[in-house]
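581 is the number that the numbering used here gives to position 29 of the sequence shown; each next residue is one higher, with no gaps. C-beta atoms are modelled at their ideal positions from N, C-alpha and C, and glycine is treated no differently. Since we're looking at a predicted model, the values are computed, not measured.
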Amino acid sequence: MLPPRKIIPNALTVARLPLAAATFGCWAVGPHPILSWIGLAAFLLAALTDALDGHLARRWGAESLLGRILDPFADKVLILGSVVILAGPGWHIASDSISGWTPGLAVLVLARELFVTSARAILEAEGVDYRARAIGKWKMMLQSACLPAVVLLVQVAPEVAAKCATPMAWVVTIVTVLSGLDYVGAMRTGLREVKA
């Protein structure tokens, strides 16, 4: 049997998936006086597992191929699911987005994430190390801060949310796309390694 130090990092990663599902279930109804808070707590707990799993794996020498696959997958589920929910009809009044997220912005974020995930799968299958880059980690932290911040603002300060939500969604989208461009450069380098 594996020692707990080898199991805990991946267990934290896997725990992110039901926490993400709880977030989506709570936020799917739109702003709600109770469910929004429960979803916010689930999201923040999921984001905490993201901060802890890799740190503990490195500290305890428990990094694994499974963890390198599961961690970005769980991240994508949490972030993309949240973006899609916040861009959905529950977070719109008439044609105005309460959350700042629109389907167009959600598609840009989704496209970046699918591209990077696909490139990672192809390059790592060829033996090229295509780990998360610093800008990708900063992007994830920004997403993990801004998505729940919008939900919080809608609940406690709707007038502030009305002014800040759209700029926050745009900043997250721009940083997400720019981080994707950084990965394009890394992919080009990786492809040259494969051809060599």
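Nearest-angstrom Cα distance between residue i and residue j?
i: Y610; j: P624; result: Contrary to the premise, residue 610 reads as Arg rather than Tyr in this sequence. In a straight line, the C-alpha of R610 is about 16 Å away from that of P624.
i: W589; j: A572; result: 14 Å
i: T565; j: A626; result: 7 Å
i: W612; j: I650; result: 43 Å
i: L675; j: A594; result: 33 Å
i: P561; j: G606; result: 7 Å
i: S663; j: A677; result: Just to set this straight, residue 663 is Ala in the shown sequence, not Ser. Going by the C-alpha atoms only, they are around 21 Å apart.
i: A598; j: L622; result: 14 Å
i: T575; j: L600; result: 14 Å
i: L596; j: V724; result: 17 Å
What does residue i pair with, by DSSP beta-bridge criteria?
i: S647; result: Note: S647 sits in no beta bridge, so no partner.
Quick one: using the 10 Å Cβ neighbour count with 16 as the cut-off for buried, is residue i buried or exposed?
i: E665; result: buried
i: I631; result: buried
i: D648; result: exposed
i: A686; result: exposed
i: M692; result: buried
i: G679; result: exposed
i: L733; result: exposed
i: G656; result: exposed
Could you say which of the options lies nearest to residue i if we only look at CA atoms?
i: W802; options: L564, D602 and P570; result: Residue 802 lies beyond the range of the chain shown here (553 to 748); nothing can be said about it.
i: V659; options: T728, L608 and L597; result: T728
i: R740; options: R557, E711, V668 and M692; result: V668
i: K558; options: A614, T575 and P570; result: A614
i: H584; options: V703, P719 and A738; result: V703
i: A738; options: V706, K747, A684 and A713; result: A684
i: L569; options: V661, V629, L699 and W643; result: V629
i: L618; options: A673, G633, I645 and I726; result: A673
i: G652; options: R744, L730 and A713; result: A713
i: V746; options: Q695, L657, A671 and L604; result: A671
i: S696; options: L592, L554, A563 and I586; result: L592
Checklist entry - Taking one C-beta from the stretch 571-585 and one from the stretch 636-646 each time, how about it: are there three or more such pairs within less than 8 Å? => result The stretch 571-585 makes contact with the stretch 636-646; the number of CB pairs closer than 8 Å reaches 3 or more.
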